[in-house]
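Asker: If you want the working numbering, it's the position in the sequence shown, counting the first as 1, plus 1125.
Glycine included, every Cβ here is placed at the ideal spot set by N, Cα and C.
Mind having a look at this structure? Questions to follow.
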Amino acid sequence: MGKFRLTYPFVIFAVGYIAVILSALAVMLGFQSAQYAFFGGTLLLILGRYLTLPRSDNFRVRRLNGILAVGAIFLIASCYLMYTGRNAWVVTLVIAAIFDFYTSFRYPKEE
């Protein structure tokens, strides 16, 4: 079984995800100022993802990294749509979540 190491990039990534989830729930509950926390969480999430993604010459890993980059673009689109007051931010957030979910199962396991 692999050893789990808690690193700073992973902590940034995890804090970003927690901020995105909690602030999205807060916006749904009517706290409009939570959209700024959503934006900050998105920035942390993208930074953490950039720092933790494996660099590889493997075509499969590069393709999955590209899918995650598209998911990050959908997260940024969610920030914009949330800021403009449209409810379509939920759709782009779900698309980004589907991309993250898909890639979490498709990444090769580290030995």
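1) Would you report the Cα separation of Arg1180 and Arg1187, rounded to the nearest angstrom?
2) Roughly how far, in whole angstroms, is the beta-carbon of Leu1176 from the beta-carbon of Pro1134, given that I think they are within contact range, below 8 Å?
3) Counting along the chain, where does the alpha helix (DSSP H) carrying Gln1157 start and finish?
4) May I have the straight-line CA-CA distance separating Gly1165 from Ala1159, to the nearest angstrom?
5) Below 8 Å between beta carbons: does that hold for Met1207 and Val1152?
6) Using the C-alpha atoms, what's the distance from Leu1172 back to Ile1223?
Answerer: Based on what the coordinates show:
1) Rounded to the nearest angstrom, the two C-alpha atoms are 8 Å apart.
2) Contact flag correct, Cβ pair sits at about 3 Å.
3) Where Gln1157 is concerned, there is no enclosing alpha helix (DSSP H), given that its DSSP letter is neither H nor E.
4) Between Gly1165 and Ala1159, the C-alpha separation is close to 10 Å.
5) A contact, by the Cβ cut-off of 8 Å.
6) For Ile1223 and Leu1172, the distance between alpha carbons rounds to 19 Å.
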